[in-house]
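Numbering of the sequence shown is given in our numbering, commencing with residue 1 and proceeding in unit increments.
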Amino acid sequence: MQPTATSTKYCHACAQIIDGRAEICPRCGVRQPMMYSGSLGATTASGKNRVAAALLAIFLGGFGIHKFYLGRAGAGVLYLIFFWTLIPAVVAFVEGILYLTMSDADFGARYG
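Have a look at this one:
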């Protein structure tokens with residue numbers, strides 16, 4: 001029987017399709033990053049929280065603080081250079097809304 005799409009994931013090391021609950025890839029033996037549940041959204045294996053990123057984007061996003069938090073220093077520097085135009089603030093506000101509407105799994109896959 002073929003596993004459903006929601007019960008599988010890709011191994012981060014060898015790209016093999018594995019069970020979504022697997023902690024270690026059966027093919028290459030690499031431990032898979034896991035999502036940890038918290039009271040306000042899930043925290044990725046790297047410690048990034050979706051709600052924290054969204055709040056930083058909404059309130060301090062014009063300066064690119066949320067980009068630095070998510071490990072995107074290059075984009076954060078661009079936000080800092082152009083903050084005076086207010087364009088980064090508008091873009092960051094939209095990004096904050098997108099972070100809030102994104103599922104924890106999608107956020108973990110993109111920024112984890």
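For each residue, glycine too, the CB sits at the ideal point set by N, CA and C.
Next on the checklist: Looking only at its chain, what residues have a beta carbon closer than 6 Å to the beta carbon of residue 100, apart from the 5 residues adjacent to it on each side?
Outcome noted: As a first step, residue 100 is located in the sequence shown; it is residue number 100 there, counting from the start. Closer than 6 Å at the Cβ level, and outside the excluded window around residue 100, lie 54.
Next on the checklist: Do residue 61 and residue 76 have their beta-carbon atoms positioned less than 8 Å apart in this structure?
Outcome noted: If you number the sequence shown from 1, residue 76 lands on position 76. If you number the sequence shown from 1, residue 61 lands on position 61. Their beta carbons are not under 8 Å apart, which means residue 76 does not touch residue 61 by this criterion.
Item to check | Cβ neighbour criterion (16 or more within 10 Å) applied to residue 79 | outcome: Indexing the sequence shown from 1 puts residue 79 at position 79. Answer is buried; the Cβ neighbour count reaches 16.
Item to check | Selection from 71, 96, 14, 95 that minimises the alpha carbon distance to residue 28 | outcome: As a working mapping, residue 28 is identified with position 28 in the sequence shown. Ranking the options by Cα distance to residue 28, first place goes to 14.
Checklist entry - What residue does the beta strand (DSSP E) around residue 67 start on, and which one ends it? => result By one-based count along the sequence shown, residue 67 stands at place 67. Note, residue 67: premise wrong, no beta strand (DSSP E); alpha helix (DSSP H) at 65-69.
Item to check | Among 10, 24, 72, 50, the one whose alpha carbon lies nearest that of residue 98 | outcome: The residue labelled residue 98 in the question sits at position 98 within the sequence shown. Checking every option, the nearest Cα to that of residue 98 belongs to 50.
Checklist entry - Is residue 18 helix, strand or coil when you go by DSSP? => result Along the sequence shown, read from residue 1 onward, the residue named residue 18 stands at position 18. Here residue 18 sits in strand by DSSP.
Checklist entry - Quick one, are the C-beta atoms of residue 8 and residue 24 less than 8 Å apart? => result Here residue 8 is taken as the residue at index 8 of the sequence shown, counted from 1. Here residue 24 is taken as the residue at index 24 of the sequence shown, counted from 1. Going by C-beta atoms, residue 8 is not nearer than 8 Å to residue 24.
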